[in-house]
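Undergrad: Residue numbers for the sequence shown follow the working numbering, so the first one is 2 and each next one is one higher.
Where a beta carbon is used, it is the ideal one built from N, C-alpha and C, also for glycine.
Just so it is clear, the structure is predicted and the values come from calculations on it, not from any experiment.
Please see the structure below; I have some questions.
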Amino acid sequence: MNTNYHIKSFCSIKNNCVSLNGSVVYKEEENSFTQFIKAAYKNQNTKYPKFFKMDNLSKLAFLAADVLLKNENLPEDEENNIAIVFSNKASSLNTDRKHQESIQNKESYFPSPAVFVYTLPNICIGEISIKYKLYSENSFFIFDSFNATHLLTYTNSLLSSNKADQVLCGWVEFDNENNYQAFLYLVSAKGTTKHNKQDIIKLYNT
2 MNTNYHIKSF CSIKNNCVSL NGSVVYKEEE NSFTQFIKAA YKNQNTKYPK
52 FFKMDNLSKL AFLAADVLLK NENLPEDEEN NIAIVFSNKA SSLNTDRKHQ
102 ESIQNKESYF PSPAVFVYTL PNICIGEISI KYKLYSENSF FIFDSFNATH
152 LLTYTNSLLS SNKADQVLCG WVEFDNENNY QAFLYLVSAK GTTKHNKQDI
202 IKLYNT
């Protein structure tokens, strides 16, 4: 199996800060996540009206992917053979809690379809795929912690088997307003950083 792949670019969102390839592109000091993510969306000129209806996990993943993929200047009118491999620890727990709250009170029982639709973590992959016409393989894995080894081997397998030309992968976690992180990176045959476990972990911890 060919393992000569590279990390072309990476994006991180945490602590009210958005960075691309290690450089800060937007930062807020004190705003809540809800305020911050909307402000970052506007600052980055992200154009996807459905963004405001998404749950927090999807907003986090979508914005990170948009910042990264926009920088790649992908053709807008063509399908892009980019696979998506995401992971986290809490799955869609934040939205699951909201859904549970809407059904546990028998006197005011009102489950919201708009909330229920996001009770699967891979819904965020669908939103990204629609925006950027990504119709290749996609997966969302749940781990106890960031698992660079699995992301490395799974991504290399997709590329070496020609199931994708590039792979957008990483970690997207949203537990609550104070506990969230997105770390996405794009892997292909060309790039400046070797795609190996050590460099993945190094970028994740940046």
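#1: Once the 5 residues before and after E178 are set aside, which same chain residues still bring their CB inside 6 angstroms of it?
#2: When you compare the region 12 to 23 with the region 62 to 80, are there three or more beta-carbon pairs, one atom per stretch, that lie closer than 8 angstroms?
#3: Which residues bound the beta strand (DSSP E) around H7?
#4: What's the C-alpha gap between H196 and F184?
#5: Label V25 either buried or exposed according to how many other C-beta atoms from any shown protein chain fall within 10 Å of its C-beta, with 16 as the threshold for buried.
#6: Rounded C-beta distance between S146 and K90? I'm assuming under 8 angstroms.
#7: Check whether the region 47 to 67 touches the region 124 to 132, taking contact to mean three or more Cβ pairs, one atom from each stretch, closer than 8 angstroms.
#8: Can the beta-carbon of F87 be found closer than 8 angstroms to that of G171?
#9: Distance, Cα to Cα, A41 vs I83?
#10: Buried or exposed: where does Q199 fall if 16 or more other Cβ atoms within 10 Å of its Cβ makes it buried?
#11: Residue range of the alpha helix (DSSP H) that S59 falls in?
#12: Would you say A190 faces chain C, with C-beta separation under 8 angstroms as the test?
#13: Where does the unbroken beta strand (DSSP E) through D176 begin, and where does it stop?
#14: Check for me: the alpha helix (DSSP H) holding L159 runs from which residue to which?
#15: Would you decide whether F144 is buried or exposed? Buried here means 16 or more other CB atoms lie within 10 Å of its CB.
#16: I'd like the span of the beta strand (DSSP E) that includes Y27, first residue to last.
#17: Report the three-state DSSP secondary structure of Y133 (helix, strand or coil).
#18: Give the DSSP-derived three-state secondary structure of L75 in the structure shown.
TA: Checking against the coordinates, here is how it stands:
#1: The residue labelled residue 178 in the question sits at position 177 within the sequence shown. Counting only Cβ-Cβ distances below 6 angstroms, and skipping sequence neighbours, we find S33 and F34.
#2: yes
#3: To locate residue 7, count along the sequence shown from 1; it is residue 6. H7 to K15 is the extent of the beta strand (DSSP E) around H7.
#4: Position 195 of the sequence shown, counted from the start, is the residue given in the question as residue 196. Position 183 of the sequence shown, counted from the start, is the residue given in the question as residue 184. H196 and F184: Cα-Cα distance of roughly 15 angstroms.
#5: In the sequence shown, counting from the first residue as 1, residue 25 sits at position 24. When all chains shown are included, V25 counts as exposed.
#6: Looking up residue 146 in the sequence shown gives position 145. Looking up residue 90 in the sequence shown gives position 89. At roughly 7 angstroms, the Cβ-Cβ gap stays under 8 angstroms, so S146 and K90 are in contact.
#7: yes
#8: For the purposes of this step, residue 87 is taken as residue 86 along the sequence shown, with counting starting at 1. For the purposes of this step, residue 171 is taken as residue 170 along the sequence shown, with counting starting at 1. Yes.
#9: Your numbering for residue 41 matches position 40 in the sequence shown. Your numbering for residue 83 matches position 82 in the sequence shown. For A41 and I83, the distance between alpha carbons rounds to 25 angstroms.
#10: Along the sequence shown, one-based indexing puts residue 199 at 198. It is exposed - the Cβ of Q199 has fewer than 16 other Cβ atoms within 10 Å.
#11: Taking the first residue of the sequence shown as 1, we reach residue 59 at position 58. Element bounds for S59: N57 to K71.
#12: Looking for chain C here will not work: only one protein chain is present.
#13: Position 175 of the sequence shown, counted from the first residue, corresponds to residue 176. That run of the beta strand (DSSP E) goes Q167 to N177.
#14: Mapped onto the sequence shown, residue 159 falls at position 158. Where L159 is concerned, the enclosing alpha helix (DSSP H) stretches over A149 to S161.
#15: For the purposes of this step, residue 144 is identified with residue 143 of the sequence shown, where counting begins at 1. By the 10 Å Cβ count, F144 comes out exposed.
#16: As a working note, residue 27 is residue 26 in the sequence shown. Here the beta strand (DSSP E) through Y27 covers S24 to K28.
#17: Reading the sequence shown from its first residue, position 132 is the one you call residue 133. Correct three-state label for Y133: helix.
#18: For this step, residue 75 is matched to residue 74 along the sequence shown. If DSSP states are grouped into helix, strand and coil, L75 belongs with coil.
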